Amino acid sequence: MISLRQLHYFVTSAEAGSATGAAEKLNVSQPSISAAIRDLERDLGQPLFERRQARGLELTPFGSRKLQEARLLLAGAEDFALSGKGEGAARLTLGYFSTLGPVCVPGILGHLKQAFPDMRVKLREFDLEGMARALEKGIVDLGITYDVGLPETVTWETMLSYAPHAVVPPDSRLAAKQSVTLAELARYPFILVDLPLSREFLLVPFWQQGLSPNIVLRTTSVEMVRGMVANGLGVSLLFTRPGHDFSHDGRKVVCLPIEDETLRQRLVLAYPASGPTTQTGRKALPAIRDCFAARSFQEGPDTSD
Numbered sequence: 029m030i031s032l033r034q035l036h037y038f039v040t041s042a043e044a045g046s047a048t049g050a051a052e053k054l055n056v057s058q059p060s061i062s063a064a065i066r067d068l069e070r071d072l073g074q075p076l077f078e079r080r081q082a083r084g085l086e087l088t089p090f091g092s093r094k095l096q097e098a099r100l101l102l103a104g105a106e107d108f109a110l111s112g113k114g115e116g117a118a119r120l121t122l123g124y125f126s127t128l129g130p131v132c133v134p135g136i137l138g139h140l141k142q143a144f145p146d147m148r149v150k151l152r153e154f155d156l157e158g159m160a161r162a163l164e165k166g167i168v169d170l171g172i173t174y175d176v177g178l179p180e181t182v183t184w185e186t187m188l189s190y191a192p193h194a195v196v197p198p199d200s201r202l203a204a205k206q207s208v209t210l211a212e213l214a215r216y217p218f219i220l221v222d223l224p225l226s227r228e229f230l231l232v233p234f235w236q237q238g239l240s241p242n243i244v245l246r247t248t249s250v251e252m253v254r255g256m257v258a259n260g261l262g263v264s265l266l267f268t269r270p271g272h273d274f275s276h277d278g279r280k281v282v283c284l285p286i287e288d289e290t291l292r293q294r295l296v297l298a299y300p301a302s303g304p305t306t307q308t309g310r311k312a313l314p315a316i317r318d319c320f321a322a323r324s325f326q327e328g329p330d331t332s333d
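In my numbering, the protein residues as written are 29 to 333.
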């Protein structure tokens with residue numbers, strides 16, 4: 029008979045990409061993981077993984093289908109176990125793109141705490157590429173991210189949109205302007221947010237005009253970018269904008285609209301195409317929608333006119 033333990037080992041191995049990774053995550057022996065998966069494959073009558081020594085475990089088409097079913101069963105079991113502890117007692121796994129976290133997630137958590145005082149929330153932070161994988165694999169119930177690189181198996185709802193804006197030092201010539209062009213920005217040393225998918229999206233507006241910014245510094249942190257700009261090390265182009273124009277060391281940055289016609293970046297609430305797989309996710313979904321509707325999250329400068 030198939031057990032929840034076997035399903036748990038199977039799902040964790042699929043997420044980790046190896047039995048060894050699953051064993052480390054679950055603090056059990058690797059042979060125990062491998063044996064449980066072999067027993068599960070025997071009971072199901074088909075292999076769940078292709079085993080390649082150099083590449084670890086890769087799901088077969090059958091395994092991909094069963095992975096979704098296993099997640100639903102495990103989520104149902106958790107909902108059942110927690111159903112007697114109050115309406116909001118189950119756990120929500122909320123994923124978010126790293127640069128959006130400080131801007132949006134604290135407000136969302138506060139809203140959820142008011143709506144469901146007993147709800148437990150587990151946070152998972154990703155870059156855009158990792159966020160897309162986490163949503164596709166069902167590692168998170170809901171995701172706060174940009175609509176970049178999301179697979180067809182994921183549905184999303186636009187919560188708001190950001191226009192790109194220039195970030196320049198307060199003592200630069202650009203700081204005295206009301207707005208700047210990409211060509212003007214490209215003449216200055218450029219500091220790039222160097223994250224998967226993010227870097228390309230930030231550079232595409234320049235490339236479309238035949239421009240190549242002089243990239244002098246790279247970092248994975250938006251706040252590090254703002255701090256380096258504030259200290260006169262260069263300029264940058266960003267979408268995410270905090271509700272203030274100061275770096276962490278207290279220095280001022282100047283944020284300017286871009287004159288060129290550019291695409292706005294949509295911030296989305298994402299989940300599996302079939303809908304949130306857990307009861308908690310289904311409860312949290314309308315509450316998060318309400319949170320975005322009720323709160324004034326900072327948006328980038330509007331360059332539409």
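Cβ atoms here follow ideal geometry from the backbone N, Cα and C, with glycine treated the same way.
Computed from a predicted structure; not experimentally measured.
Practice task
Quick one: using the 10 Å Cβ neighbour count with 16 as the cut-off for buried, is LEU140 buried or exposed?
Solution key: buried
Practice task
Alpha carbon to alpha carbon, how far is VAL149 from ALA143? Give it in angstroms, no decimals.
Solution key: 13 Å
Exercise for the section: Using a threshold of 7 Å, state whether the C-beta atoms of LEU156 and LEU76 are closer than that. Expected result: no
Exercise for the section: Could you tell me the distance, in whole angstroms, from the CA atom of MET29 to the CA atom of ASP67? Expected result: 10 Å
Problem - Same chain, Cβ closer than 8 Å to ALA214, five either side skipped, listed in chain order - result: PHE234, LEU239, SER240, PRO241, ASN242
Problem - Segments assigned alpha helix (DSSP H), at least 4 residues, entirely inside the stretch 260-293 - result: none
Problem - C-beta contact flag for ALA160 and LEU188 at 7 Å - result: no
Practice task
Can you tell me which of the three DSSP states SER92 falls into?
Solution key: helix
Handout entry: Buried versus exposed call for PHE108 [16 or more other C-beta atoms within 10 Å across all chains shown]
Key = exposed
Practice task
Express the C-alpha separation of PRO300 and ILE316 in angstroms, rounding to a whole number.
Solution key: 16 Å
Problem - Inter-residue CB distance, LEU295 and LEU170 (contact presumed, cutoff 8 Å) - result: Contact doesn't hold; Cβ gap of about 13 Å is too wide.
Practice task
Assign SER31 to one of two classes, buried (16 or more other C-beta atoms within 10 Å of its C-beta) or exposed (fewer than that).
Solution key: exposed
Practice task
Count the other C-beta atoms from every protein chain shown that fall within 10 angstroms of the C-beta of PHE38, then say buried if there are 16 or more, exposed otherwise.
Solution key: buried
Problem - C-alpha distance - LEU85 paired with GLU43, whole-angstrom precision - result: 10 Å
Handout entry: N- and C-terminal bounds of the alpha helix (DSSP H) containing LEU178
Key = That residue, LEU178, is in no alpha helix (DSSP H); it is neither H nor E in DSSP.
Problem - Whole-angstrom distance between LEU87 and GLU78, CA atom to CA atom - result: 6 Å
Problem - alpha helix (DSSP H) segment containing PHE229, residue limits - result: 226-235
Exercise for the section: Label ALA103 either buried or exposed according to how many other C-beta atoms from any shown protein chain fall within 10 Å of its C-beta, with 16 as the threshold for buried. Expected result: buried
Problem - Length of the line joining the Cα atoms of SER264 and GLN34 - result: 49 Å
Exercise for the section: Could you please give the first and the last residue of the uninterrupted beta strand (DSSP E) stretch that includes ALA247? Expected result: It is Thr, not Ala, that sits at residue 247 in the sequence shown. Note, THR247: beta strand (DSSP E), 242-247.
Practice task
Count the other CB atoms, across all protein chains shown, that sit within 10 Å of the CB of THR127; report buried if there are 16 or more and exposed otherwise.
Solution key: buried
Handout entry: As assigned by DSSP and simplified to three states, the class of THR306
Key = coil
Problem - Sequence-distant residues of its chain with Cβ nearer than 8 Å to ASP222 (five each side left out) - result: ARG246, THR247, THR248
Problem - Residue burial classification, LEU266 (beta-carbon count within 10 angstroms, cutoff 16) - result: buried
Practice task
Answer yes or no: the CB of SER126 versus the heavy atoms of the ligand NAP, is any distance below 6 Å?
Solution key: What this structure holds is no ligand at all, so the ligand NAP is not there to describe.
Exercise for the section: Between the Cα of THR186 and those of MET147, LYS280, GLN293, spot the shortest distance and give me the residue it belongs to. Expected result: GLN293
Problem - Cβ-Cβ separation, LEU291 to PRO304 (assumed contact under 8 Å), whole Å - result: Actually they do not touch by this definition, with Cβ atoms about 28 Å apart.
Problem - Straight-line Cα distance separating ALA50 from HIS193 - result: 42 Å
Problem - Span separating the alpha-carbon of VAL281 from that of ARG310 - result: 40 Å
Exercise for the section: Give the DSSP-derived three-state secondary structure of TYR216 in the structure shown. Expected result: coil
Problem - LYS336 - DSSP class collapsed to helix/strand/coil - result: Nothing can be reported for residue 336, as the shown portion of the chain is limited to 29 through 333.
Practice task
Would you mind stating whether VAL257 and PRO217 have Cβ atoms separated by less than 7 Å?
Solution key: no
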